[in-house]
Every structure is written in C-alpha cells, then in structure tokens.
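Read through the structure below, which is laid out as structure tokens, and then see the notes.
There are 2 protein chains.
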Amino acid sequence: MTVAMLMTNTLLSAKRYLEKSHERKITPIPLALKEPVPSDIDIAMAQKPKKVKYIAQDLGLFESEYDLYGQYKAKIDPAVLERLKHRKDGKYVVVTGITPTPLGEGKSTTTMGLVQALGAHLNKIAFACVRQPSQGPTFGIKGGAAGGGYSQVIPMDEFNLHLTGDIHAITAANNLLAAAIDARMFHEATQSDNALFNRLCPAKNGVRKFSNVMKTRLEKLGITGTEPDDLTAEEKARFARLDIDPDTITWQRVLDTNDRFLRKITIGQNSTESGHERETGFDIAVASECMAVLALSTSLSDMRERLGRMVVASSRSGEPVTADDIGIGGALTVLMKDAIKPNLMQTLEGTPVFVHAGPFANIAHGNSSILADRIALKLAGVEEGEDDSSAGYVVTEAGFGADIGMEKFFDIKCRISGLVPNAVVLVATIKALKMHGGGPDVTPGKPLPDEYQNENLELLEKGCNNLAKHIENAKKFGISVIVAVNKFKTDTDAEIELVKRLSLSAGADDAVSCNHWAQGGLGAVDLANSVVKVCSNTPDFKFLYDVNSSIEQKIETIAKEMYGADGVSFSDLARQKVELYAKQGFDNLPICMAKTHLSLSHDPKLKGVPTGFTVPIRDIRASVGAGFLYPLVGTMQTMPGLPTRPCFYDVDLDPETGRVMGLF
Amino acid sequence: MTVAMLMTNTLLSAKRYLEKSHERKITPIPLALKEPVPSDIDIAMAQKPKKVKYIAQDLGLFESEYDLYGQYKAKIDPAVLERLKHRKDGKYVVVTGITPTPLGEGKSTTTMGLVQALGAHLNKIAFACVRQPSQGPTFGIKGGAAGGGYSQVIPMDEFNLHLTGDIHAITAANNLLAAAIDARMFHEATQSDNALFNRLCPAKNGVRKFSNVMKTRLEKLGITGTEPDDLTAEEKARFARLDIDPDTITWQRVLDTNDRFLRKITIGQNSTESGHERETGFDIAVASECMAVLALSTSLSDMRERLGRMVVASSRSGEPVTADDIGIGGALTVLMKDAIKPNLMQTLEGTPVFVHAGPFANIAHGNSSILADRIALKLAGVEEGEDDSSAGYVVTEAGFGADIGMEKFFDIKCRISGLVPNAVVLVATIKALKMHGGGPDVTPGKPLPDEYQNENLELLEKGCNNLAKHIENAKKFGISVIVAVNKFKTDTDAEIELVKRLSLSAGADDAVSCNHWAQGGLGAVDLANSVVKVCSNTPDFKFLYDVNSSIEQKIETIAKEMYGADGVSFSDLARQKVELYAKQGFDNLPICMAKTHLSLSHDPKLKGVPTGFTVPIRDIRASVGAGFLYPLVGTMQTMPGLPTRPCFYDVDLDPETGRVMGLF
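See below:
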C-alpha cells in the first residue's frame, strides 16, 4: 500500500516535472524608453539583464543541459535535441536586406526588434539567432553587431569581446593544423621513409600500433594491413609520406586581430628550420574554414567528420591532403568541443538570443550556426497535443544583402540542415533606397545631402527596383516575403506608403514599417503581427540549383538568377580548378560566391539593379570540410587593418566601477 | 513592537548569514585507491568532481563573488579581498625542487598531494595555487601539469585545454599591441605631422578632444596644454610622432601553439604595406609580458598601470615607447578584465585549487599569480576572534629548481606582493639525486640503468650535495625548509633515511618521505603534519639583494649566492643595456635570470653542485610593465616545435560519451 502510494507520488512528480518543462514562457524585462534616444552603450548599460539561468529555466531547459559562463551567458548542450526530437519545430524566419549602402539598413537591429516584439509584446516564445562578431574590428574601426538603439543584445561588452571563447578555440584549432603542416613537411624533408614510418608508429614495449586516425588514411590509400608490421616497404612509404606540394597549400594561419602586416609573410627563417622558408599569410580568425565548419555542423560527430576531411593542400601527385591525413582531426574536434555549444544571451527586453559562429560572408557563407537554429526551433517548437498556434518563432540573420546572405542561407545552410524556412523579412530604409535610385554619395563627418533629409519620391521610386529584385529573388525559393521598412525620423508617410505599395506589386506578401530603434519591441509589433500571419502559410521551398549539376552551371545559375547577369566568364585558373575539383570528386558541393556585397553585380560602384554585365570568375577554392566551393569574383581582403586612430584609444575600464568604457 | 521584532529578526538573520560565511570547511571526495596505480587519465576520469559552486559555498564565498564557467570551473572576483581584509592571512607555503633531471621530481604532484593531505585528511582549509599550462605542449610532446597518480587537479582535460580562456585573452592583448606597433609606424611613415595629429584627434562637431590615455603621453612629454588646439606645432609633432626605431622593437607576436616556423619571419610583404617589411617572430603565448603582468598584478587598477607602462621599443632619440604612448593600455586591460580573476578548480579529493597565470620560468618569473595566492590566503585566513591554530594553508608552486623558481618567488613575487611565506617544501627523489651524484644518463624508451633500480647509497650521498645547496639557498631568505622525499617503489628505507639525515645536517627544519602518487593525500599526511608544525615558527624573511643596488651588483649577488658562481661576465651588448636602463630609469627593478634550469650553473650538462664557473650575461632585456629586468644567459627558445609524431595523433572525442580521449 505505502509502496504503491510512493510509486504513484514518484510518477506524479515525474509527470509534473515533465509538464513544467513544457510550460515555456518568456519573462520580459521592462524597457523605459527615453527621447531623444540615448547612445547605444548608454541604453545597454542602463538595462540590467536577467540572470541567464532564469532564461534557461523559462525555456524548459534542464540544469544538465546548460553551462553557465558567468551570470549572463550560457552554453547549451546540443544533446537537448535528442530529448526534444518529438516536438514539431517552431516557425523559422530569416532576416535579410537590400543591397547594403553606407547609409545602413539595420538588419541586426530589425532582428532584435522583431524578437523583442514577438517575445515581450505578443507573448510568443521567440529567439534571435545571430553571428558572433570578430574581435578584430571591435578595436579597429567602430561598428558593433549587437543591434542598436532600443533593439540590442546585452551585455554588449560580453557580446563584442571574448564571449565564451569560441573564436579563440577556432584560432587554436586552425593554427595547430597550420603548425602541423609545416612541421610535417620539415620532418619529411629530413628523414628516410623508414625513419619517418618508425617515428609515426613508435614501438611501445616492442609493439607498434596505428592510432585511430591513421586507420582513416590507410583506408583512403587502400592499404589493407591493420598492424604496422604488416605493411610492405612501399606501403609504409605511401602511408608515411604526405609529399605535400608547398605551392598548393591553401591553409593560412589566423588571428582575431586586425593585423595588416601579417597579410603576406615569409616563415621558417630561423636557423632551426634549416632554410625551409615559405611565403604565406594570416587571415582574420572568422575567415578560417574551422569557423565555417562550426556553423554548418549538425552534431559533434558531424563536426568531427568535417574537420577531418578539410583539404589543406595537394600532394605532388595531385591527391588532396586532409587534416586526417595529418592525424589531427580528433585534436581539432577536442579543441572545438565546447565551441559547438550555442551561446545563450538576451535582448534588451529579455528575449533569448543565440550567438553562435560567425563565418565570413564572402569567402564563407555568412550565416550563424545550424545547431543554434535547430535548438531554438525545438525550444520554440510545438509539443505533442499542443495546437500549431502555440508555435514559437526563430529569427535568424543572414549576412550582407539578400543576393549573398539569403541565397547562401537557402542553398548552403538549409541544404545541409534540411530545415525549411517559413518567411523572409527583407529590411530596407528610405535613405538607402534613395541611394540606389541615384542619390548622391555621402561623406562621413559631413551633413547628409538634402535628398536624404527631405521627401523625394522620385529617387525613392527608382531605388525600389533594388528592393523589387530582392523580393523576386526570395520568391524564387518559394518562400513568403515581408518587407520591413526600418523607419528614420526624417521619413515621410508618403515615402513609406510608396515603398509598401511597390513592395506589394513586386510580389511581397506584406510590407510594414517599424520603429524598433526608437521604441524597442513596441516599435516592431506590426512587423511581428505580419510575421505571425505570413508564417501560417505553408512554404513551397525549393533550391535555386541542383547540387549535382556542373560547377560552371551552378555558378551561372546564381549569376543569372540572383544577380541579373548576362553570363559568367571563367579565367584559365578557374577552369583548371573546375577540372581539379571534378577529378578530386568535389564537384557536387554547393557554391558559395565570394562577390562584393555592395552591388547586385560584381562591381561595387553599380547601385540599383545593374544589367548587361558578365560576372568574371578569377579563381575557385574549396572548403571541403565545411562543404562548399567558393568562386572568387575579384580580390577579397581577408585581413583588415588598423586606422591611424583605432578606436582602442577610447577603450578603458572605469577604475571605480570596473565597467568597460568606450566600446562603441 | 512589530517593527522592533522585524528589525531584530533582520539583524539576527544578517548575523547568521555572516556566521555562515565564517564556517568554512572542505568536504572531501572519497578516493578509492587501486593497486597497481592506474594511468593518470584513468584515475582522473574515474573520479567525479564536486560541482564547483559547492566548493565556493564551502569556502564562504558569496554568490556575487564567483562566476561559474561550466560545472567544474569558477572565476573568483578579487573584490572578495576587500570584504575579507580584516582576516589574518593563512599560512603560506612554497613548493620547489632540486635541480630538475629527466627523471623528474614530482613538484606538481607533491603540491597536490600536500593539499589533499591538509584538506581531506587533517581537516584544514587548504589551497593549491598553480600555473595554467600552455596549450602548445599539450598537443606536442606529452607532459601534463596537473600532477599525477592519485594527486591531480580535475577535470584534467579542462585544466589542459582552454580553461576559462585566460591565455587566449593574453594572446589577444599581446597581438593587438603588436598589430598597433606596425600599423602606427606605417601611418607615421606616410603622413605629415599635421595630418597625423589631426587624425589622432579628429574633430567631432568641430571640437577636437584628447582621449584619457593621450593625457598620459602629454604628461610624459611635459606638454601642459589640455586641449588639442592649445598645442604648438612643435608640441603637436612630438605628441603625434612616436618615431619608433624599428631595430629596437622587443615586442613579439604570440600564439599558444607550438609553431616553430614562426620563430623568425618577415612581415609586411603584401603590396598594401608598401614595402614596409620587417623581421620579427612569434613566441609561445605564455612568454608574453602580458602574462607576467597578469601574474604580478595586485589589483585591476595595478594591472591597468602595468599594461600601460610596458615598453615595446625605443624612439630614434632613445626614449622608451610604452603601450600607453600607443594609446592601448586601456584596451589591453579590457581584453584581460576577466583573465585577472583566479580560476577555482579542485584536486582528486575535492581540495580547492587556484589555477591562475602561467608565465615562462626563464624569461619571466615562472610563478602563479599574486592575486590567487592573496585570495586563497584570505579564504584560508583567521577570522577576528578565532585562534591562530584555525589558520588554513596555501601551497603555491614555483617553476623549475629552487635556484630559479624559488629565488624569483622570493625576490620578485613576494617583493611585489608584500606577502611573507612561512615555509619552503623542497621536493627531491632518490633517483634524481643519484643522477646528481654522477649516475648514468637515461634514454627514453630504454630500461633504467641498475643504479636507479637498486640501492646505491654512494651515488645518493654525492647527489645530496645538490639538495644541500638548495636548502642552504632557501635558508638565506630566512625561511624554514622541509625536504619532501617523493617516494618511488624501488627506493629503499636506507636510502630514504640517508636523504633525511643529510637534509637535516644541511640545515633543513624537517625531512619527510611521502607517497601521495600512489596514495593521494593519505600518502602525504606526514608531510602535512610537518608543514603544520614548521609553519608555527615565525619567519625571519629577507630578500637576497637590495633592489636599489646596481644592475651588475644584483646579478652578481644572485650568481654567487644562489648558483655558487665565482662571478659574472657581461658582454658588450649587456653593458650597453645596463647603461640604457640606467638612463631610462629602469635600473631599480628586480632581476629575473633567464638561465637553464638543468644545472645550478649556466651549463645544462653540469649536475650536482658545479664550482669554479663564471656566469656569462649575453644580453639584458626589460619587462618594465611586469616589473623586472631579465639577463639572458645563453639562448632561450621561446617557441617550441612539434615532433614527427605529435601527441595530437592520439587525441579524439569518444563518439559515444563525448569524452576526451588520448590527452596524456
């Protein structure tokens, strides 16, 4: 009897525990709006964030599923996906923008404003998923990525500094591999096949063993012997000698610092390296393929595979040399084992934000991580027996304009994740559209020309062509489009109405103006309502191209369909690469165009909707681990520099309060 | 009446809260000893650590005083020092060793064993304070710093990997400064004085302002104008032009990776740098002066000052150029604002361990941080009204042998901290002493020669001279010495008795054998009891030299008194540096000898107690921010390399459990 009662109680309490984990809510932090709107840092510092453990609890996360990193950051274990796999995903919204201009569109600000509206005003479970910014520019030329005004991620200093160390982990992994490449070439150059083999497989108590990662290489080489002593002399030589062709090394070192003097360097000049000099360079850390891998991994074991198959060079006989050939895939995974856990932070109104991964938006795909989106979609998902209307919203941001970030979001990120988005929010400002319509250039520090300060419907109407092209592009993927006009105080009602009207006639499903910069979530309630409405449609999602078509064909499809080009021209080098990748079996990877973001074309000077151009492909490179080929259109700067007066001059700690000063 | 009752209750509850914060205890984790002793990683993985928040609570820390970094690491806010300043410090013990041999002495293991004995067996509040190991060697040649056997820090993978990112923060700070130096020289080379000045002090809304850090430079230059427009053209030029002499730059870049190809490199070879090429190199991150600064800072504001006054080069007119001249001291502090908080971990038996800072032991002082020791001494301290016998113990470890680590501990670390140690624990092994007595060399992988496996009192007696010299050295500082004979199973009773007898006759206050490797804290109870007994003596601490004597004199004193040298010889370069530092006002800094640790002399081959030698000083460098001069005796390798088969070959994640495999 007592035992039965005890068991019933235990069951009841387990049931209640489970129910509690379903009861998800977002407890907003009230926002005291001021006019005029104070500086970003003043707003950020005035708002006391919730302790992140309360956010995690509100989301129904178990204590074992998150690790605190201080009071306001937590890492979420992807293992939660297994526990919540029965849930139906929440709604998936991607925020993108028109072709960027120096006047800005406010994509990050809109992302934050929208989730603040959904979470704190419409009482929905809502997540923003954004990239971690590089620390390099933080100390170079001002420009935060935390949003702005009353739509920001907080604490903004944590967001812009080390966060939880993910970029540092990527730097460590990238550079361990770089050091290993040069060290291996050095040791191969100075040792006989036999000595090399014996050093790689040293005898312990008289017995030689292959490590696990060596078995991957044996398999690749078609060597069937499983013990070192089984191998023939020829097999030993093939196994031990990677025979890297130094001219083919594509792996650079990285730092998360704007250090222009490292763009091109000569290494190995110490006498200990016996004259094995080589020209190479450093990129900014977020340009590392390890970062793209982090962003595109779907699980820990998937990341292990991707890191192992990254190609760093070719051998002299033209075979790709991978990280696992060097024996390092496992170590890279260990270095990145915590980096794979998405970082939970919050908006100014206490809405959860995942900050995770920050791959470059040109030589990589410029989107935050698949895992963060997936976890958010489950946490915002629909429990068994719940109504579909209880679904939450995951708002993820794609880098640069829609021709780049959105296209890569669909064709690379969604292709790998298998996730289907419900809506595109396309952000535009009246000012930026006027520039696309032919408005004059602006000079930093000088007052804005009249065209941007006063009503000018003519310029605006012309500029809306750029917006219309991006709407059309989004619709090619079968996804609904909402245009968000991010309002400035000089915008007139007539101007806003014009953009709305032209958006709808270009095929947008809705067009809404919003004022979240000045009002936080309150200013984006109309946008949020529109998102809720549009997301009830069933998406008819399709990719732009078949991944199994030829490399040239895929590039041509993107250039014609997205950019409006007449065609594509390939340099001799690019043609050679097409052949090489076909031979190496990498031709069925999706394409990640490394094109300027400042124009729909390849020429950054051409605003609006350029026509009559051919996109020149200078070179094609491969990120085999991440899983894409990236054609280079023009030259890409992968290491920024410091100006004469870097903004570090203003950065300090307040000796009284210990608070960071001068960071934006 | 009710109000009075309420107030009484509030007071009572406050009092109880306060009392609770005094009730400090260490709750041990039971250790199930096995025979034969399993591998380090098997022992570490078999023990489930306590959640670190419980350790923090047991130590009486308030929730606001620590930040969790996952379940098993926490950062402690140095602000706790203010709250506990009324407490009398606990007892302060430094662990050092005889001159290291390839056979090892087990300093780290003894540090862990001793605190396990004090904490888990003698029921004392006890802390180990150790350095954070560099990640470079973790993936290069095996060798953990977490102790060994049943005396270790756990979780050992966290300890050996990123920990809480302190070394990454140092890397970021070091490299931001490096990038700033080259960028500044580049901008100075391409701009007129006026353009440079105007860019450094840009007009905002028509008004130019100096940032705070610029005021430091104005003061240094003796310029009294407080607004940019006040300055004369000559003053503007002096202010804006650092005029760095490239040949005098001492600031290197760093990475926490063993990358030998970066030892000597040429930078600035990209066309964007217009031919401003320069030879330089990378060091391992722990060799950065920023690391030495972290280890020697006594508070956040002290760290700010030290980082700002780091000297990176001389101007063409011979003036030292500091980080604050470059405008970067505040930014470096912001990058290191979390790194300054000591990291709390635990031993296998749940004793608290502070892991904090890891400066190189030759070009820097090789000791963990002052702040960790200070906080530990307060947490283990004596509360008002408590008896002195309730004092806890802080056991801190000094790198290399006593001639290096201990000397620097006393003359540099204690000089800056003002702390007075109570005892030295000098670790020795029978095997290593035999090698000092003339025992044969050993070859890795081959069986140990008989001399080390069987009783050999003759060799041992000779070798004890090295031990005796270190005892004598320690006594010169007025501190009690306990010799800890770290037992191996082949050691005989007669051998141990001989070492004890010779130690006492050399002036040691006690000599004890211990077996913590095989038994954990239980094996070090005798040592712990000896420490308790010896620490009841009042130390008569004195420094080895007067910091205000000349540079040559200070070096000579160390060489003669510590190393037993006949004297010192200075190269021409070293003499020039003596003059330079005297001129620049840095001659009153303490001395940090960069000498081999493998001999009491400067020749690594000379074991035992060498005599009749003169120490050659090749060069003298300055770490002005950290606060010492470091004379170079011979060449120091500051960037390790990777062997043919780095240990990363064995490192991977177990796909089932997600656990790290193959890390030691």
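Line by line, the protein sequences give chains A and B.
Per my numbering, residue 63 is the first one in the first sequence, and the count goes up by one each step.
Per my numbering, residue 63 is the first one in the second sequence, and the count goes up by one each step.
Backbone N, C-alpha and C define an ideal beta-carbon position, used for all residues, glycine too.
Computed from a predicted structure; not experimentally measured.
Can you find a C-beta in chain B that's less than 8 Å from the C-beta of residue i?
i, result
"I390(A)", "yes"
"H418(A)", "no"
"N256(A)", "no"
"S273(A)", "yes"
"V396(A)", "yes"
"T328(A)", "yes"
"E367(A)", "no"
"P195(A)", "no"
"N332(A)", "yes"
"L238(A)", "yes"
"P414(A)", "no"
"L304(A)", "no"
"D50(A)", "In the structure as shown, chain A starts at 63 and stops at 726, and residue 50(A) therefore has no counterpart that could be examined."
"L30(A)", "Residue 30(A) lies beyond the residue range present for chain A, which begins at 63 and ends at 726; the question has no answer from this structure."
Would you please verify whether the beta carbon of residue i is less than 8 Å from any beta carbon of chain A?
i, result
"P506(B)", "no"
"S393(B)", "Reading off the sequence shown, one finds Ala at residue 393(B), where the question assumed Ser. True, the Cβ-Cβ gap to chain A drops below 8 Å."
"R371(B)", "no"
"Y116(B)", "no"
"D321(B)", "yes"
"H224(B)", "yes"
With DSSP as the reference, identify every bridge partner of residue i, one or two as the case may be.
i, result
"K153(B)", "Y455(B)"
"C727(B)", "Absent from the model: residue 727(B). The displayed extent of chain B is 63 to 726, so no value can be given."
"E85(A)", "Answer is none; E85(A) lacks a bridge partner."
"S340(A)", "Going by the sequence as given, residue 340(A) is Arg instead of Ser. DSSP, once it has assigned bridges, lists I329(A) as partnering R340(A)."
"N548(A)", "C576(A)"
Distance check for residue j and residue i, CA to CA, integer angstroms please.
i, j, result
"L146(B)", "K440(B)", "6 Å"
"V482(B)", "F675(B)", "32 Å"
"I306(B)", "D716(A)", "30 Å"
"D364(B)", "K604(B)", "24 Å"
"M698(B)", "H664(B)", "12 Å"
"A234(B)", "T233(A)", "11 Å"
"T288(B)", "K277(B)", "8 Å"
"D244(A)", "L258(B)", "40 Å"
"S376(A)", "K622(A)", "32 Å"
"G585(A)", "L95(A)", "11 Å"
"P162(B)", "P290(B)", "57 Å"
"D309(A)", "V587(A)", "56 Å"
"K150(A)", "G480(A)", "14 Å"
"A485(A)", "K531(A)", "17 Å"
"R366(B)", "L510(B)", "51 Å"
"I88(B)", "G181(B)", "6 Å"
"F472(B)", "K549(B)", "28 Å"
"F632(A)", "G696(A)", "12 Å"
For residue i, return the contacting residues in chain E, with the cut-off set at a CB-CB distance below 8 Å.
i, result
"K399(A)", "The structure shown has no chain E; the protein chains it does contain are A and B."
Round the Cβ separation of residue i and residue j to the nearest angstrom and send it over; I've been treating them as touching at under 8 Å.
i, j, result
"D102(B)", "Q197(B)", "In fact, because the Cβ distance is near 18 Å, the residues do not count as touching under 8 Å."
"E513(A)", "G501(A)", "5 Å"
"A434(A)", "F462(A)", "With a Cβ gap of about 19 Å, A434(A) and F462(A) do not count as contacting."
"H578(B)", "T171(B)", "7 Å"
"A494(B)", "L123(B)", "About 39 Å separates the two Cβ atoms, so there is no contact after all."
Runs of beta strand (DSSP E) lying entirely within the region 358 to 411 of chain B, each at least 3 residues, in chain order:
373 to 376, 382 to 384 and 405 to 409
In chain order, which beta strand (DSSP E) runs of at least 3 residues are fully inside the region 131 to 216 of chain B?
136 to 138, 153 to 159, 188 to 192 and 213 to 216
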